[in-house]
Amino acid sequence: ITVQVDQPGAAIRPTMWGVFFEDINFGADGGLYAELVKNRSFEFPDNIMGWSRILRSGSEGYIYIERYPQEQTNAHFLRMKVGKTGQGFGVSNGGFRGMGIQEGKEYRFSVQARLTDGGPMALRIQLAGQGRRPLAEAKLEGFTSQWQKLTVVVRAGGTDARARLNLLVEGSGTLDLDMVSLFPVDTWKGREDGLRADLVQMLADMKPGFLRFPGGCIVEGRTLDERYQWKTTIGDPADRTLIVNRWNTEFNHRLTPDYYQSFGVGFYEYFLLSKDLGAEPMPILNCGMACQFNTGELAPMDELGPYVQDALDLIEFANGPADRGWGRKRAEMGHPEPFGLKLLGIGNEQWGPQYIERYKVIAKAIQDKYPDIQLIAATGSDATIFPNGPQEIEYLWSQFRQLKADIVDEHFYRRPDWFLDNAHLYDDYPRDGSEVFVGEYGAQSIGVASPDNRNNWHTALAEAAFMTGLERNADLVTMSCYAPLFCHVDGWQWRPDLIWFDNLRVFGTPNYYVQKLFSLNRGDRVLPVAVAEPATAPNGKPRFYASSVYDEKSNEMILKVVNATGEPVRAIIQTKGAKAVGLQANVTVLASDDLNDENSFETPRKIAPVESKVPLRSAEFRYDFRPYSMTIVRLMCQ
Ligand code: AHR
């Protein structure tokens, strides 16, 4: 392996390795958003979904859903009419496949409530686990005839991943409840009613270059009415308009009928998260097309006004002055400084002339007003699963070239062998102005989004091989991200996924560690690297891959090598053109002898990076690459 240290090539953008976030697999509601109560505002179409009545012996009463006379967005609330409480009367919420409650941790319960009849009444708040004694308990009193928010913090005396929230009434009369909420106090950065700290930490550890949000297919919606509309996701969380999640549908014979978007994590929170992560925010907007895998509903060309306006207003929301327009809304939410939006996607996985004509209208309006914003144009999806795949991709590319699109988004959901065979995909792509964003990809061990797919070492190793090709072509491929990102073990629609979690725990897949290692070893410039005799598969395609970059801050050559063969490979590494070379290399290895190996809650680091220091005598040294391994060598070179 020869690395030409004195011939630095293309600059590697800080955005090279990023993350893709979508509310799929309980990614947001039930995941990143730390709210533990499902259907807290009784706005699910089945308004009582997630709730059940507690009617213990000797109690008398009933519960029903009421409507505010005028209220639009948060239109419903729960009414409890209680005659006798007996052994217990009230309601219970089961959370998102249970609530994760941890011993010693504090939880903030809050509720909007009023007393409309009788009283005085009190509410006993119980966090109930499997055991007989509650994990935590508190009492709320002081209800009046006016709606008011009441809050209490409790400390859990036990741990349970499937706890419930019980609200037991004391006294008789009529009590109305709305926005019933329970959050851990120790959210990410301690923000009240914020994000699950352990999940965000996984992202922060990756140091991603950008955060793509809010999806994915949920940008498009099954119908245009159900598309993601950012303006309904900001402001007071109680006023955000709940809609059905696009993944609340039968997919791969799986149905998630209780999947709705509360938008507790909305565009403001995504911008804030991007800032926390040091990542460029990358919103993707609907372009007047519903998901083409569903209805494919189209907004008529003469009705694109709202879509154009949404895009222009979003830029103002992110970047505009704090004292007027949409910039003021941002400031009112607590962030007077602009978020510095530079990247904006128009549509997700769209195709056909219908997309091109809509893209043109929206892109022109943005470019006229905000020429500095870089626009991302979509190309369908994996060529094998969308109609006339390869021809469509070719058609879209020909259009984008004419339009001189800034960035073109390509998605790949393929078998591991495809990734292994296509590490050189971008070597021959035309360099004519448009950059490539590999905006979604993931090796599928069985087939596209098969419910039997596994995040095994085979898939991760194949992605690592492919990523060496992205890195070598960093002059063209300026951004990339794996998809989907998060997955709740009991609430998924799609696998494989980068990070798995339950109500209490989280672990990174081998694919996660591949992404993380590339990102933490990004470097600043591509270095030419040659492999003299790479091992090949029977189809003649390489199974041994190398790419290299130079890190200008640490003055290190960083070499990434993927050995996708089952044999150790002994190589001589030559660093050419360096005046001085360090006396030891820092080596990180991610490997397993078994391609079927996976990480799990029980063995979260079965496949995880192992670091070591290797002493060197000269700029030319021998190294034995393990079978089925990804290796990163960092070496001081000047
Ligand atoms: O990543 C899962 C889905 O795959 C995304 O929502 C969509 O863009 C793609 O088809």
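The numbering of the sequence shown is my numbering, which starts it at 2 and goes up by one.
Don't be surprised by glycine CBs; every beta carbon is placed ideally from N, CA and C.
Chain-order list of residues whose beta-carbon lies under 6 Å from that of valine 309 (same chain, five-residue window excluded): Ile363 and Ala366.
Quick check: the segment 235-250 against the segment 212-227, are at least 3 beta-carbon pairs closer than 8 Å? With contact defined as three or more Cβ pairs closer than 8 Å, the segment 212-227 and the segment 235-250 are in contact.
Cβ of glycine 159 less than 8 Å from any chain C Cβ? Looking for chain C here will not work: only one protein chain is present.
Would you say serine 451 touches the ligand AHR, meaning its beta carbon is less than 7 Å from a heavy atom? Outside the cutoff, so no.
Rounding to the nearest angstrom, what Cα-Cα distance links proline 543 and arginine 223 in this structure? Taking the straight line joining both Cα atoms gives about 41 Å.
Which ranges would you report for the beta strand (DSSP E) in the segment 213-297 if only whole runs of at least 3 residues count? Counting whole runs of 3 or more residues, the segment 213-297 contains the beta strand (DSSP E) stretches 281-286.
Got a sec? Which residues, its chain only, sit under 6 Å from tyrosine 624 by beta carbon, not counting five neighbours each side? Within the same chain, tyrosine 624 has close Cβ partners Ala572 and Ile574.
So asparagine 320 is in the alpha helix (DSSP H); what residue range does that whole segment cover? Counted as a single uninterrupted DSSP element, the alpha helix (DSSP H) harbouring asparagine 320 occupies residues 306-320.
With a threshold of 16 other CB atoms inside 10 Å of the CB of methionine 122, please say whether the residue is buried or exposed. When all chains shown are included, methionine 122 counts as buried.
Measuring from the CB of tryptophan 327, is there a heavy atom of the ligand AHR at a distance below 7 Å? Incorrect: tryptophan 327 has no Cβ contact closer than 7 Å to the ligand AHR.
Does the beta-carbon of methionine 17 have 16 or more other beta-carbons within 10 angstroms, so that it is buried, or is it exposed? Classification for methionine 17: buried.
Out of Asn253, Ala484 and Ile316, state which residue places its alpha-carbon closest to the alpha-carbon of isoleucine 374. Checked all of Asn253, Ala484 and Ile316; the closest Cα to isoleucine 374 is Ile316.
At what residue ranges does the segment 540-607 contain a whole run of the beta strand (DSSP E), taking only runs of 3 or more? List check, beta strand (DSSP E) in window: 545-552, 557-564, 570-577 and 582-592.
Do the CB positions of glycine 172 and glycine 132 come within less than 8 Å of each other? Not in contact: glycine 172 and glycine 132 (Cβ atoms no closer than 8 Å).
Between valine 412 and the rest of its own chain, which residues show a CB-CB distance below 7 Å, the 5 nearest in sequence each way excluded? In the sequence as displayed, the identity of residue 412 is histidine instead of valine. Once the five neighbours on either side are set aside, the close Cβ partners of histidine 412 are Glu350, Ser382, Asp383, Gly440, Glu441 and Tyr442.
Rounded to the nearest angstrom, what separates asparagine 40 and histidine 254 at their Cα positions? Distance between the alpha carbons of asparagine 40 and histidine 254 is about 24 Å.
CA-CA distance, arginine 125 and arginine 54? Going by the C-alpha atoms only, they are around 14 Å apart.
May I ask you to check if the CB of histidine 412 is nearer than 7 Å to at least one heavy atom of the ligand AHR? The answer is yes for histidine 412.
May I have the straight-line CA-CA distance separating glutamate 553 from proline 511, to the nearest angstrom? Approximately 28 Å, taken between the alpha carbons.
Can you determine whether any heavy atom of the ligand AHR sits closer than 7 Å to the C-beta of cysteine 482, and answer yes or no? Incorrect: cysteine 482 has no Cβ contact closer than 7 Å to the ligand AHR.
What does the Cβ neighbour count give for lysine 517, buried or exposed, with the cut at 16 atoms within 10 Å? The residue is buried, with at least 16 neighbouring Cβ atoms inside 10 Å.
First and last residue of the alpha helix (DSSP H) that includes isoleucine 357? 354-370 is the extent of the alpha helix (DSSP H) around isoleucine 357.
Compute the distance between the beta-carbons of cysteine 638 and threonine 576, then report whether it is under 8 Å. Contact flag set, yes.
May I have the straight-line CA-CA distance separating arginine 473 from arginine 14, to the nearest angstrom? Near 13 Å, if we compare the C-alpha coordinates of arginine 14 and arginine 473.
Where glutamine 375 falls: helix, strand or coil (DSSP): Glutamine 375 falls in the strand class under three-state DSSP.
Mapping DSSP to helix, strand and coil, what is threonine 175? Secondary structure of threonine 175 (DSSP, three-state): strand.
Do cysteine 218 and the ligand AHR come close, with the Cβ less than 7 Å from some heavy atom? Answer for cysteine 218: yes, Cβ within range of the ligand AHR.
Looking at the strands, I want to know which residues DSSP matches up with valine 437. By DSSP's assignment, valine 437 forms a beta bridge with Val409 and Val478.
Can you give the Cα-Cα distance for leucine 286 and glutamate 612, rounded to whole angstroms? If I take the Cα positions, the gap works out to 41 Å.
Would you tell me roughly how many angstroms separate the C-alpha atoms of alanine 536 and proline 569, rounded to the nearest one? Computed Cα separation, rounded: 11 Å.
Please name the residue in Val6, Ala114 and Glu436 whose C-alpha comes closest to that of methionine 81. Put simply, of Val6, Ala114 and Glu436 the residue whose alpha carbon is nearest the alpha carbon of methionine 81 is Ala114.
Rounded separation between glycine 509 and arginine 325 - CA only: Rounded to the nearest angstrom, the gap between the Cα atoms of glycine 509 and arginine 325 is 43 Å.
From the DSSP output, in three-state form, read off lysine 190 for me. When secondary structure is reduced to three states using DSSP, lysine 190 falls in the helix class.
Taking asparagine 600 as the reference, give the member of Gly174, Ala461 and Gly265 with the closest Cα. Here the closest residue by C-alpha is Ala461.
For the ligand AHR, is there a heavy atom less than 7 Å away from the beta-carbon of proline 284? Not so, every heavy atom of the ligand AHR lies at least 7 Å from the Cβ.
On the DSSP letters alone, give me the boundaries of the beta strand (DSSP E) that proline 616 sits inside. For proline 616, the enclosing beta strand (DSSP E) starts and ends at 611-616.
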